[in-house]
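See structure below.
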Amino acid sequence: MLQAPPSLLPTRTLAHRQRLRLRRFAMASSTYVLGLAVLGLCTLLGLFSTFALSIVGALFLAINAGLLLAFATGWNQRFADPSLTALQVYLGVTMVPVILVLGRDVHFVASPYYAVIFVFGMLQMDARALARVAAYVLVSYGAALLLRHQIHGSGVDWRVESVTAMLVVTGSVWFATAASYISNLRARLHGSLQHIAALATYDGLTGLWNRRQIDQMLEGAVKHAERHGSALCVAMVDVDHFKRVNDRHGHAIGDEVLKSVAGTLAGSVRAGDEVGRFGGEEFLLLLPATTMAQATGLADRLRNRLETLQTLAAGEPPVTGSFGLAAWRAGESAGDLVRRADQALYRAKASGRNRVEADGLFGPLVAC
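Using the working numbering, the first residue of the sequence shown is number -3, and each one after it goes up by one.
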């Protein structure tokens, strides 16, 4: 079957992804350090008690230790979002009301703290998720205001509280709206990059790997065979008399023939084999861990299937293909391997076409 488009992002190992998550966690942890530094200054200025600072410091330490343990043990990978971004955001949001309740005179930290939390969440969370965060901010902040009134009573300046509350409410709404816009931009960018990746990787007509991609795969397969001493074969396939098809039926029919051939090849190879359009009406089959005997049997099955394709009108000669095979030799480059397969293909075509021929052997291996 034809392959699905590749992922937008480069393929990363699990260990690499975990390192990236740890870096993001370190970035989030640095905001806790900055927050504690601000509260430490407030303590020095008499705006926040030492007892309150010790409680907040202990909570920050417990949160970061727990998250670090989750990343270090791989426990985070059990969740749909292994980065635990939402969890970190909600924990950060929860800490702001705690600080406001513990300190009567630190109301001014709410807006900047919430802003930093929203920016962190915006990098990973979508618009709906951040809208839920905004709702949680408003509810938890409202609860903090009520508790402040109960605990600190007349010591709270409600004029300042009103201004701070307006900043928190408008800021939360603004960030939720901005998140929606950024989420849409991310989706459009993702689609554009997927399209670019497809153009750079796949042949536009057949949907097979293009020449550049199949060449890269072949280089990788040769290195793997060199490293492990495993078998490797390639097959060059040419659609017989394709120019005649274009001349008699037009390029539109010729394109349909190529797509039918591509679908037959891709749908008939084994798992692990790769098929690419090498150029024009030529295709390259990459057959890892395959001996020449196995490659020959596969090529003959493919040749028979091509011969049964009904891509042209009744009464027209069937579409056929010629196959040239080559088995990798120790120390040989990918270019040399393809060159030998191409030479075998040339002999198959010179010997009458619709046959399979292998490098180093005289006469057709399989003929119609």
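All C-beta atoms, glycine included, are put in the ideal place defined by N, C-alpha and C. None of the values given here were measured: they were computed from a predicted structure.
If we ignore side chains and look at the alpha-carbon of each, how far apart do Gln73 and Ser168 end up? 30 Å
Could you tell me whether the region 290 to 308 touches the region 188 to 201, using the rule of 3 or more Cβ pairs below 8 Å? no
Assuming Leu201 contacts Lys239 under a Cβ cut-off of 8 Å, what Cβ separation, rounded to an integer in Å, is found between them? In this structure, Leu201 and Lys239 do not form a Cβ contact; the two beta carbons are roughly 17 Å apart against a cut-off of 8 Å.
Pick out whichever of Asn60, Leu35, Val115, Cys229 has its Cα sitting closest to the Cα of Asp101. Cα-wise, what sits closest to Asp101 is Leu35.
From Tyr109, Ala82, His220, Val253, residue whose alpha carbon lies closest to that of Val94: Tyr109
Return yes when the Cβ of Gly99 is within less than 8 Å of the Cβ of Ala140, no when it is not. no
Taking Glu303 as part of the alpha helix (DSSP H), name the residues at either end of that continuous run. Per DSSP, Glu303 is one residue of the alpha helix (DSSP H) stretching across 288 to 303.
Whose C-alpha, out of Gln212, Glu270, Leu283, is nearest the C-alpha of Tyr226? Tyr is not the amino acid found at residue 226; the sequence shown has Ser there. The shortest C-alpha separation from Ser226 is found at Leu283.
Run of the beta strand (DSSP E) containing Gly317, from where it starts to where it stops: 317 to 323
Which two residues bound the contiguous beta strand (DSSP E) that contains Asp234? Counting along the chain, the beta strand (DSSP E) containing Asp234 begins and ends at 228 to 235.
Bridge-paired residues (DSSP) for Leu282: For Leu282, the beta-bridge partners assigned by DSSP are Val230, Glu270.
I'd like to know whether the C-beta atoms of Met288 and Ala354 end up nearer to each other than 8 Å. yes
Local Cβ density within 10 Å of Ser50, reported as buried at 16 or more and exposed below that: Flag for Ser50 reads exposed.
Spatial distance of Leu41 from Ala161 (CA atoms): 24 Å
My understanding is that Val253 touches Leu261, with C-beta atoms under 8 Å, so please give their C-beta distance in whole angstroms. Incorrect: roughly 13 Å between the Cβ atoms, too far for contact.
Between the alpha carbons of Arg207 and Glu222, how many angstroms are there, rounded? 22 Å
Assumed close pair Leu96, Ala106 - CB separation to whole angstroms, cut-off 8 Å: 6 Å
Determine, using beta-carbon pairs with one atom in the region 62 to 80 and one in the region 141 to 150, whether at least three such pairs fall under 8 Å. No: the two stretches stay apart, fewer than three of their Cβ pairs being nearer than 8 Å.
Do you know offhand how far Gly327's Cα is from Gly276's? 30 Å
In chain order, what residues of the same chain lie with their CB nearer than 6 Å to the CB of Ala330, ignoring the 5 residues before and after it? Leu214, Glu215, Val218
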